[in-house]
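Enquirer:
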Amino acid sequence: MRVTLLRLLLPVLLLPLMAQPVARAEDLFEPQATERPVAYLPLVIRSTGSSSQPTTETVEQQVVTLTNALRAAAGCPPLTVSPELTAAARSHSRDMAENDFFSHTGSDGSSAFDRIKRSGYTYRMAAENIAAGYSDAQSVVDGWYNSPGHRANMLNCELREIGVGHAYIPGTAYGHYWTQDFGTR
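One gets the numbering used here by counting positions in the sequence shown from 1 and adding 506 to each.
1. Would I668 and Q686 be called neighbours here (beta carbons separated by less than 8 Å)?
2. Determine the DSSP secondary structure at G669, reduced to helix, strand or coil.
3. Could you check where the alpha helix (DSSP H) with Y651 kicks off and where it finishes?
4. Taking 8 Å as the cut-off, does the stretch 586–597 touch the stretch 614–628 (at least 3 CB pairs, one atom from each stretch)?
5. To the nearest angstrom, how far is it from the Cα of A579 to the Cα of H682?
6. Pop quiz: G671 and I622 are said to be a contact at Cβ under 8 Å. What is the actual Cβ separation, rounded to whole angstroms?
7. Can you pull the DSSP bridge partners for V587?
8. Is T573 close to chain B, meaning its C-beta is less than 8 Å from at least one C-beta of that chain?
9. Leaving out five residues before and five after V565 in sequence, what residues of the same chain have Cβ atoms less than 6 Å from its Cβ?
10. Is D614 helix, strand or coil when you go by DSSP?
11. Nearest-angstrom Cα distance between L511 and A637?
12. Assign D601 to one of three DSSP states: helix, strand, or coil.
13. Once DSSP output is grouped into helix, strand and coil, what is the label at F619?
14. Going by DSSP, name the residue or residues bridged to E634.
15. Compute the distance between the beta-carbons of L572 and R666, then report whether it is under 8 Å.
16. Under 8 Å between the Cβ atoms of N652 and A633?
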């Protein structure tokens, strides 16, 4: 009963956090001459509805393809897959799944920017989207797209590269954990 109540209350408790951007909207579009990295870090939670385990590389590529289709419709150039951003995104999704938590802060206290730098990616601009509970690429991309903060990251034409990570561990709070890391060198 206690776990069920916690699962029901978690989205309600996280609502105020989801409403607060990590960076102000005007910071996102600050002139790049400042050389100050900026990002917007929204998150999405959805209860898991499926126990099937898709192939990681397949669903990650589907997320990239779907994201680029949305960008094309918005007049943005396609994102190029970055091995470094992919490593950072996969590592964070795996960390959330293995340690059964959901946050932009890693189990080691790392931020998205720490993980991106640790992967060897040097950025002028970076952003991260995370989600949990979505069992396939289409539903997670739809979830992000229907959230203003996530959509802003996906459709930010100044971001040029992407890395996607997906981890699935049955029996965890959400089962499926997703990370999209974006960057511009």
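Glycine included, every Cβ here is placed at the ideal spot set by N, Cα and C.
Since we're looking at a predicted model, the values are computed, not measured.
Expert: Checking against the coordinates, here is how it stands:
1. yes
2. strand
3. A643 to Y651
4. By the Cβ rule, the stretch 614–628 counts as touching the stretch 586–597, because three or more pairs are nearer than 8 Å.
5. 28 Å
6. Not really, about 12 Å apart at Cβ, beyond 8 Å.
7. I668
8. Note that chain B does not occur in the displayed structure, where there is just one protein chain.
9. A643 and H672
10. coil
11. Residue placement at L511 cannot be trusted, given a pLDDT of 42 that sits under 50; the coordinates are not used to answer.
12. helix
13. The answer is helix: DSSP assigns F619 an H, G or I state.
14. D687
15. no
16. no
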